[in-house]
Structure formats: structure tokens, C-alpha cells
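A.B. asks:
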Amino acid sequence: MKVIILPLAKEDLNETKVWYENKLKGLGKRFLSEVDKKINFIKINPIASNIRYDEIHTTVLDVFPFMIHYTVNTDKETIIIIAVLHTSLDPNKWQSRK
7 MKVIILPLAK EDLNETKVWY ENKLKGLGKR FLSEVDKKIN FIKINPIASN IRYDEIHTTV
67 LDVFPFMIHY TVNTDKETII IIAVLHTSLD PNKWQSRK
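With my numbering applied, the sequence shown covers 7 to 104.
1. The ligand GDP and P52: does the residue's C-beta get closer than 8 angstroms to at least one heavy atom of that ligand?
2. In terms of residue numbering, what span does the alpha helix (DSSP H) encompassing N79 cover?
3. Output needed for H75: all residues of its chain with C-beta closer than 6 angstroms, excluding positions within five of it in sequence on either side, in chain order.
4. In this structure, how does DSSP classify T22 when only helix, strand and coil are distinguished?
5. Under a three-way DSSP split, which group does I11 fall into?
6. If you measure between the beta carbons of L19 and L38, is that distance less than 9 angstroms?
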């Protein structure tokens, strides 16, 4: 399946990468590597993750406390990543992105 990462989700990734990199050199890169690993899982198993809100699937990264929020369009064989947010954040933050 094709994966599209929306601009706001790209901002999420960049901001988080910079934050982790400022904490420890190399940690931002490791964060992005974990995101890539989870996106590859989603590509292979797009509907394996729970639908949490409306038609939004969510899956938690294995190492970092972040959740990927995404939709699946099976007709177009496309996964759209809406947000990558810390698990403690209010889900209303990303719901306006739909």
C-alpha cells in the first residue's frame, strides 16, 4: 500500500525528532527509525490496528510513547498518516486534522 504522511504529521515527526535529539545525540534518529519500522508494519497489516475514533486507526510505537493515527482507503490502496502524537496528549488535538 502507498503511504501518505500529511504535512501536520510531518511537523509532528520533525518537532519530536528535534526534541529527542536535543535530549541525547542520536535519539532523534532512533525515534524516526522506530516510526519507519511501525509504518512498514502498517503497510503490511493496515487494518491490524484498532479503530479508535471514527475510521481512524491507531498504533503505538514499540519503544517511544507515541501513537500513529491513520486512515486506510482500501479502494485506492492508500494509508494516510494524520498525526504522530505523544500518548498522553488529548486526542482532540488531531481530530481537527481529518
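Just so it is clear, CB atoms sit at the ideal spot from N, CA and C, and this is done for glycine as well.
C.D. replies: To lay it out plainly:
1. Here there are no bound small molecules, and the ligand GDP is not part of this structure.
2. If you number the sequence shown from 1, residue 79 lands on position 73. Where N79 is concerned, there is no enclosing alpha helix (DSSP H), although the beta strand (DSSP E) it sits in stretches over 72-79.
3. The count along the sequence shown starts at 1 and reaches residue 75 at position 69. If we look at H75 and ignore the five residues flanking it on each side, its Cβ neighbours are I62, T64, I88, A89, W100.
4. Translated into the one-based positions of the sequence shown, residue 22 becomes position 16. Helix at T22.
5. Locating residue 11 in the sequence shown gives position 5, counting from the first residue. Reduced to three states, the DSSP call for I11 is strand.
6. Indexing the sequence shown from 1 puts residue 19 at position 13. Indexing the sequence shown from 1 puts residue 38 at position 32. Yes, they are a contact pair.
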